[in-house]
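As structure tokens, the structure follows; a few thoughts come after it.
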Amino acid sequence: MSGEPLDPVELVPVTDETGQFTILVPSDMKFADGKATVERITYRGKVIFICRSAVYEGD
């Protein structure tokens, strides 16, 4: 096993309006208003980013 994904996904950087945080989202994700709401939380000592306004339109 090489660790490479079977179907690689193109990732696009999305930066918040403050310019402080950038996350990578799959290029096939669609945003209703062109904006993503990204929340930064800490869970069990790890920083986690949650994107709530992206709608996945897969196969």
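Heads up, the sequence shown is in the working numbering, so the first residue is 2 and it goes up one at a time. Idealized CB from N, CA, C, for every residue including glycine. Model, not experiment: these values are computed from the prediction.
Mapping the DSSP letters down to three states, classify residue i as helix, strand or coil.
i, result
"Phe64", "With the chain represented from 2 up to 60, any question about residue 64 goes unanswered, as that position is not in the structure."
"Pro27", "strand"
"Arg76", "One cannot answer for residue 76 here, as it falls past the ends of the chain, which runs 2 to 60."
"Pro14", "strand"
Which same chain residues end up closer than 7 Å to residue i when comparing Cβ atoms and leaving out the 5 residues on each side of it in sequence?
i, result
"Arg41", "Phe22, Val48, Phe50"
Could you spell out the range, first to last residue, of the beta strand (DSSP E) harbouring residue i?
i, result
"Thr19", "Looking at the DSSP string, Thr19 is not in any beta strand (DSSP E), and its letter there is neither H nor E."
Could you name the residues of the same chain whose beta carbon sits closer than 6 Å to that of residue i, not counting the 5 residues immediately before and after it, in chain order?
i, result
"Ser28", "Glu11, Val13"
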